[in-house]
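Chains as they are written, first to last, in the working numbering: chain W, 9 to 908; chain U, 9 to 908.
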């Protein structure tokens, strides 16, 4: 997702860098003496340089320093890889300013000034370019550091690190040479770890490293700190074009930057004794959002010690006891930072000999719950306005507020057996069930079960609905199991390939161990983890703040949010979540449940139209009843009903036993059933005889479904229930298909009105799903026959990128791992590819039919990045799983504000 | 194909009609007195009217008449469905002119003038609008006709037909009422057939019909011929908007026409006695093209008698004996017509009382052989120029000259068991073989066999190559069987769904009867017919004229023509047919043949890269040798090699026995093999792990193939053979994929040069197949990494229209039958849909890479209509099966001339 965001902002960046008027000034100082830059100058100073200038500018105690601009880097390359003339004179002047400000001296034996040299481009490229610390150390100043810190070992450790880093990064000496020298010393002192080497050893090591340096560079390690600095600056500029950085920019789609800036900054130390220390903190609680200073610190330590977890830090409040003055200064800074950045901050600080330095501040990461509370609180505090609040909450994080999840503390202790795909969020605990029937039976008997299947299909629906959670060993994020589970808000881990299922033996094997129907597992649908035993869950409460945020979102969004729901219960749940209609009501289950499947099979086995008609007549009353239920649950709101979509073979059993049972029921020979199954077999069912193609071959199926819809609508009207059906014809590829089927549907409605003697208003609209590339390409012709387009981006993605959702695990993981794709195109819309067809479809459709309503009903309808794109291309609504409706409402608001 | 042509010319037609300045003149007379129109005025006079005017204008004896313009029709509708004011006055004046010219009188009892009234729009709409014959007959004039013809029965028969047709067409009287009346008369005269009713009965019938008319219309049948005429004209105009005509125009995509014209023409009769007669003829032999008058005539007969075949007509030369003057007149007309129309004509004529009338002339249909000969002869005769000759030969018809086919006479007598798809043309005869092995063995034993399979796969290759022809019960025009067969020019009937194959029982069942390996069948790959027994074949000779035509074509075409070929033998054959390179060399068989399959399977079963590499090392020498063979056969010409494309599971056996054999060979357990097969199974293999996705997962496959190509090229160079390999990376969907794989291929070539110490010129280009919609949509990004694009329109069509070639028979036949598709999109490119992606791909690709070479290598590369489109979008070459190369050369020339 991070990558995603970067991609979208690429053009902005390009423009920023390109249109920036060339700066003449090469060096921007930041410190008490003066501060030249500010936080907006990222193109010129890089992200890090601009941030340091900003913090200094608002009066924070930042270790002073200066930034060489990205323009210098550009000039360096234009100059044939040489530093621009006079640049080092400016650097010297800036160092002098630093010396004066800090009362230290570069390379001095008494009060040596040490600096870090860091890269920093306009866009963060973590780890891609060079950094050198402790620059300014030499044979003399090393003792100055020893004196100042009272820690000789630390001084020599720093010095040897400089020689190593400098040799490696600036002079391209192979790291292994340094390691070999270190190993010798460690052997001599009988030291296992680096930290076991005493001071004397460190002093020897510095000498040994200088020898390595001389041997491989051909010159001595430079003792002149200005020489050190010059070469280090050149090395940073040179790193901009080294292959891993170039490749990184290619992969991330970053272009149009001038180069990297170089930040030279005074070093400060938290490990200079008991009046020194270091810490990290959040200005508010990032977990709950509570307005409470939250962090930790360590006395006489460096920043990495906090992160490494070798010593246990104290809560930040304890600082008051240690150094009240510094603590109160930090509190003030905390408040100042929130006021300045108008957001919760994540800060790093160091105290050097009782003096506080701020090293870093950035917007803090937070949980979904915290994001909501922070936004509401800050609006109340008048720190931000509603729009900012809406924009700031990561829409996807709302999931955390909507589903039960594992207690993080309990999870830490759990044994993770394997990790599959996080297919449908939430946490579920249960014993293993291996068939749908078993899951239903055991659930009815009061057990909590996890349904474990290689993959699921429509026949498993009942079992999936019964189970606490679903675990599959194949299939991706949009496999049947995943899609159905998300629709219900049921927890699901899919494609856990390490789980070997023995359905007959009623057991699974994971990591060499076997688990049976007696074993309890816990699955985390938000992370894909499969854990042993019962892990404790917690059910978060939906707070009042949540409702407030949703209210703001609704005020600012322009797209409607509908839901994908097939039953009155789902419809009601989605309506409670704020759904403004049903964007996709699949009708498959109306052919599956209970007795219906037999009528459906009878239809499929029929030899001629009359037989088919007789079987369909049995299905009609069921479907009518289903529709009445759904229309009633959604009264006053539109309900888009998709006509039968899957290929017929999905309704027939595929094993001999079930086939023979079916034959008995329908008074056929098992051979007949087997032969029909074989006849319906397709090499690529995804591309086969399904969708509206069924209605072309068997118009009576369409007629039955449309009759049921029209009769249901009439029944509702007579009960004063405002039904608003929209009939959606799936898988249309040509205008002629839709023309013929629309005429048939319209005629069927007319006949139904006549038969029911109903002359009232009955506004049933007819439209189509745009899910075949050809449909998007010929949208102008198709829209002449459509009241609406609903983009079925699941299938559209499959076809446009040639990738079956059911087989997605065969190569997609490789592609994501090798960064050949920025993200899973079934989770987040491939805007560069599939998006083009969406845009062509909307433009083409509206060019011929100004009133055309356009929406999306693929899985992408609940994905914030995709919703942003939907807003951009002008869709009227998005439709998503009931549990994603609040996310979509927020994302739609963010999209509207962004595109406004 | 007819529909196709109409579609393409739609825009032209629209423009013609729309830009035509409105004519004031309503009626265009044609006859000796004067002729107002000509053949170019189709928009105004309709096709038929313009043709009648043209023939009259060049002095042919055409029965005179006049045409009411399409503008009248438009006015009729603008006028609220009333004839324009004064129109009937004009009609009366024209009738008077006719009376004078023919010395007959409208409605007269002595010399009655009878006319036909026919519709005729700018575009032919056969059978869609109304026609009335014998108009002008009434109770008086019927005796005039009896006198003039000396045939009273004929006169009354004509009269009763007029009343019937008039009642039916003009007055909307149900046809059944007339039939009931006729049945009564027949009963009374004890007549079985209409023709058994004597004159007296016919007279009675006229009275009975008049009664029917009066009863159902409420008025008497109009005796005033002008009244008859007025109502008939109105009826023709009204028929323009009747639903079947409107629907016809919708389906055919015809729009922008003004309406229909009405042609009123004097009737002539060839059945007025022994000085009358009728005939049809071609100005040259339509079967051979020989310049010889060719036709038949019947004395004392009407045109329909010739067609009906009740009487046996005489050859047209016999006319000389019957009426020398008329025959010589006809010969003169024949010559005049060829000179005027500059093409062989198909004419209809009638002699009424010794007077010759020309009823129709049009360009005659001809065989492929005749087309070639006619074109060459007419250039020699300076009737047409080379360009016209090239444009005129239907390129697809050249197939007839290139393949053995059945003797038409023998075919007429054959028993057709069923009809499948005409998958690969030609005729084949053989006994039935049910497996590839059986086909190979029996062929080697000297038998001619037809390989009968449900469907074929790469393992059947040897058997398919051995067999005389291939018959499959599933699969479409581009199924494996069809594509492979066309590639070899092997006869194939595919998707013959009525053929039930029992492989184990070695028998098939068709139409209730069973045939075994002992039975001989004949299959016609040009028609799809499956016939019983041995039908005689003939092998047409390739004439010198054929070479002449190809030479002209090569002079005028701008696109190159390459071939799809995988072996040196195919390459050579295609080169002989004029191929200018290989556009698609599939490498699949290089993994299949003989021992190779075991190495391939070893690779697939490998657990890690080293094992895979070891297996691939065994394949390398085989592939290198194959490439040397192909490069040598095509020396001096480019050879596009597609890297491995099919999913790996295609290389593993799927039945237990073969799996166990394979396990034994590779020293594995059968369970391991079975498990790997299961692991590789995909729900939709078409969308799965194949193409370049294999190279992303297993880069060593690409490395082995590229090494083999580079080593082969180096080996050729050292033998002074100019090898020009082009490496094609299949199934690319994103620029990043191609970038990474191109780099890997380039690096592999570099390594190979180094290893072989070859420093000479080795121009191996690297490109990709554009076969995924996303690739066409992001062509600009992809082309940065490609030297060429080859549009794989087979897969591109499958994905764009969501239709699997392997399952095409499930619903495509319904779509073609119901006219929801204009043609099979796998045979002729869907220019409106898939074509858009082709165009986007070429434009996008060249926008970022000016030197990009673009071609097509799908099956469409050999289809004339598709080639026309390829020229339009600016492709550099088309590539097709060897046997279609001459067709493509001619079609490319026609496209160039058309688009010039």
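Think of the CB as a built atom: it goes at the ideal place given N, C-alpha and C, for glycine as much as any other residue.
Only a predicted model underlies this, so the values are computations on that prediction, with no experimental measurement involved.
**Request:** Look up residue 308 of chain W in the DSSP assignment and say whether it is helix, strand or coil.
**Result:** Taking the first chain and counting its residues from 1, the one referred to as residue 308 of chain W is at position 300. DSSP places residue 308 of chain W in coil when its eight states are reduced to three.
**Item:** Cβ-based burial, residue 726 of chain W [other Cβ within 10 Å; buried from 16]
**Value:** Here the question's residue 726 of chain W lines up with position 718 in the first chain. Answer is exposed; the Cβ neighbour count stays below 16.
**Item:** Of the listed residues U:296, U:287, U:293, U:331, nearest to residue 310 of chain U (C-alpha basis)
**Value:** For the purposes of this step, residue 310 of chain U is taken as residue 302 along the second chain, with counting starting at 1. It is U:287 whose Cα lies nearest to the Cα of residue 310 of chain U.
**Request:** Give the residues of chain U in contact with residue 279 of chain W, contact being defined as C-beta atoms less than 9 Å apart.
**Result:** Here residue 279 of chain W corresponds to residue number 271 of the first chain, with the count starting at 1. By Cβ distance, chain U contributes nothing, its closest Cβ being about 45 Å from residue 279 of chain W, past 9 Å.
**Message:** Under 8 Å, CB to CB, which of the residues in the stretch 832 to 846 of chain W have a partner in chain U?
**Reply:** 838, 840, 841, 842, 844, 845
**Message:** Checking 7 Å against the spacing of the C-beta atoms, do residue 777 of chain W and residue 800 of chain W come in under that value?
**Reply:** As a first step, residue 777 of chain W is located in the first chain; it is residue number 769 there, counting from the start. As a first step, residue 800 of chain W is located in the first chain; it is residue number 792 there, counting from the start. Contact: yes.
**Request:** Indicate whether at least one CB of chain U lies closer than 7 Å to the CB of residue 467 of chain W.
**Result:** Counting from one through the first chain, the residue named residue 467 of chain W turns up at place 459. False, the Cβ-Cβ gap to chain U never drops below 7 Å.
**Request:** Helix, strand or coil for residue 804 of chain W, going by three-state DSSP, please let me know.
**Result:** For the purposes of this step, residue 804 of chain W is identified with residue 796 of the first chain, where counting begins at 1. The answer is helix: DSSP assigns residue 804 of chain W an H, G or I state.
**Prompt:** Whose CA, out of U:861, U:798, U:387, lies closest to the CA of residue 399 of chain U?
**Reply:** By one-based count along the second chain, residue 399 of chain U stands at place 391. Per the Cα distances, U:387.
**Prompt:** Cβ atoms of residue 733 of chain W and residue 709 of chain W: under 7 Å apart, would you say?
**Reply:** Taking the first chain and counting its residues from 1, one reaches residue 709 of chain W at position 701. Taking the first chain and counting its residues from 1, one reaches residue 733 of chain W at position 725. Contact flag unset, no.
**Asked** Between which two residues does the beta strand (DSSP E) carrying residue 118 of chain U extend?
**Response** Translated into positions along the second chain, residue 118 of chain U becomes position 110. Run containing residue 118 of chain U: none; DSSP gives neither H nor E here.
**Request:** Starting from residue 515 of chain U, follow the alpha helix (DSSP H) in both directions and report where the run begins and ends.
**Result:** Residue mapping note: residue 515 of chain U aligns to position 507 of the second chain, counting from 1. No alpha helix (DSSP H) contains residue 515 of chain U, which is instead part of the beta strand (DSSP E) from 515 to 518.
**Request:** Please name the residue in U:874, U:847, U:856 whose C-alpha comes closest to that of residue 881 of chain U.
**Result:** The count along the second chain starts at 1 and reaches residue 881 of chain U at position 873. Checking every option, the nearest Cα to that of residue 881 of chain U belongs to U:847.
**Asked** Name the chain W residues whose beta carbon is nearer than 8 Å to that of residue 697 of chain U?
**Response** Locating residue 697 of chain U in the second chain gives position 689, where the first residue counts as 1. The answer, in chain order, is 815, 818, 819.
**Request:** Could you check what DSSP says for residue 114 of chain U in three-state terms: helix, strand or coil?
**Result:** Translated into positions along the second chain, residue 114 of chain U becomes position 106. Reduced to three states, the DSSP call for residue 114 of chain U is strand.
**Request:** Out of U:123, U:340, U:711, state which residue places its alpha-carbon closest to the alpha-carbon of residue 104 of chain U.
**Result:** Against the second chain, residue 104 of chain U aligns to sequence position 96. Between residue 104 of chain U and the set U:123, U:340, U:711, the nearest pair of CA atoms involves U:123.
**Whole-angstrom distance between residue 849 of chain W and residue 785 of chain W, CA atom to CA atom** = Position 777 of the first chain holds residue 785 of chain W. Position 841 of the first chain holds residue 849 of chain W. Whole-angstrom Cα-Cα distance: 6 Å.
**Asked** Straight-line CA distance for residue 29 of chain U to residue 867 of chain U?
**Response** Here residue 29 of chain U is taken as the residue at index 21 of the second chain, counted from 1. Here residue 867 of chain U is taken as the residue at index 859 of the second chain, counted from 1. Summary for residue 29 of chain U: the model assigns pLDDT 41, below 50, so the residue's position carries little reliability; its value from the coordinates is reported in the next sentence. Those two C-alpha atoms are separated by around 44 Å.
**Asked** In angstroms, rounded to a whole number, what distance separates the CA positions of residue 698 of chain U and residue 654 of chain U?
**Response** One-based indexing of the second chain puts residue 698 of chain U at position 690. One-based indexing of the second chain puts residue 654 of chain U at position 646. Going by the C-alpha atoms only, they are around 5 Å apart.
**Request:** Determine which residues of the stretch 782 to 796 of chain U have a Cβ less than 7 Å from any Cβ of chain W, and write them out in chain order.
**Result:** 782, 785, 786
**Message:** Taking 8 Å as the limit between beta carbons, can you name the residues of its chain near residue 756 of chain W, skipping five residues before and five after?
**Reply:** Residue mapping note: residue 756 of chain W aligns to position 748 of the first chain, counting from 1. Excluding residues within five positions, the ones whose Cβ falls inside 8 Å are 710, 711, 714, 715, 718.
**Item:** Identity of the residue in W:302, W:660, W:587, W:258 nearest residue 373 of chain W by Cα
**Value:** Here the question's residue 373 of chain W lines up with position 365 in the first chain. The candidate whose alpha carbon is nearest that of residue 373 of chain W is W:302.
**Request:** Answer with buried or exposed for residue 617 of chain W, where buried requires no fewer than 16 other C-beta atoms within 10 angstroms of its C-beta.
**Result:** Locating residue 617 of chain W in the first chain gives position 609, counting from the first residue. When all chains shown are included, residue 617 of chain W counts as exposed.
**Asked** From what residue to what residue does the beta strand (DSSP E) around residue 726 of chain U run?
**Response** Here residue 726 of chain U is taken as the residue at index 718 of the second chain, counted from 1. Segment 707 to 726 is the alpha helix (DSSP H) holding residue 726 of chain U; no beta strand (DSSP E) there.
**Request:** My understanding is that residue 263 of chain W touches residue 257 of chain W, with C-beta atoms under 8 Å, so please give their C-beta distance in whole angstroms.
**Result:** Numbered from 1 along the first chain, position 255 holds the residue referred to as residue 263 of chain W. Numbered from 1 along the first chain, position 249 holds the residue referred to as residue 257 of chain W. Yes, residue 263 of chain W and residue 257 of chain W are in contact; Cβ-Cβ is about 7 Å, under 8 Å.
**Request:** Thinking residue 531 of chain U and residue 479 of chain U are a contact (beta carbons under 8 Å), I'd like their distance in whole angstroms, please.
**Result:** Walking along the second chain from the start, residue 531 of chain U turns up at place 523. Walking along the second chain from the start, residue 479 of chain U turns up at place 471. Residue 531 of chain U to residue 479 of chain U, Cβ: 6 Å. Contact.
**Asked** What are the start and end residues of the alpha helix (DSSP H) that includes residue 59 of chain W?
**Response** In the first chain, counting from the first residue as 1, residue 59 of chain W sits at position 51. Where residue 59 of chain W is concerned, the enclosing alpha helix (DSSP H) stretches over 50 to 65.
**Asked** How about the stretch 149 to 164 of chain U and the stretch 105 to 121 of chain U: do they share at least three Cβ pairs that are nearer than 8 Å?
**Response** At 8 Å Cβ cutoff, the stretches touch.
**Prompt:** Would you call the CB atoms of residue 337 of chain W and residue 364 of chain W closer than 7 Å?
**Reply:** Within the first chain, residue 337 of chain W is the residue found at index 329, counting from 1. Within the first chain, residue 364 of chain W is the residue found at index 356, counting from 1. Their beta carbons are under 7 Å apart, which means residue 337 of chain W touches residue 364 of chain W by this criterion.
**Message:** Helix, strand or coil for residue 435 of chain U? Go by DSSP, reduced to three states.
**Reply:** Along the second chain, read from residue 1 onward, the residue named residue 435 of chain U stands at position 427. If DSSP states are grouped into helix, strand and coil, residue 435 of chain U belongs with the strands.
**Prompt:** According to DSSP, which residues form a beta bridge with residue 287 of chain U?
**Reply:** Stepping through the second chain from its first residue, residue 287 of chain U is reached at position 279. In the DSSP output, where bridge partners are listed per residue, residue 287 of chain U has U:305, U:357.
**Request:** Establish whether the CB of residue 811 of chain U and some CB of chain W are separated by less than 7 Å.
**Result:** The residue given as residue 811 of chain U occupies position 803 in the second chain. Interface residue, yes.
**Asked** By the 10 Å Cβ neighbour count, where 16 or more other Cβ atoms means buried, how is residue 817 of chain W classified, buried or exposed?
**Response** Along the first chain, one-based indexing puts residue 817 of chain W at 809. Residue 817 of chain W should be labelled buried.
**Request:** Pull out every residue of the stretch 467 to 481 of chain U whose Cβ sits closer than 7 Å to any Cβ of chain W, in chain order.
**Result:** Within the stretch 467 to 481 of chain U, no residue has a Cβ that lies closer than 7 Å to any Cβ of chain W.
**Asked** Smallest Cα separation from residue 68 of chain U: which of U:108, U:88, U:339?
**Response** To locate residue 68 of chain U, count along the second chain from 1; it is residue 60. Nearest to residue 68 of chain U by C-alpha distance, out of U:108, U:88, U:339, is U:339.
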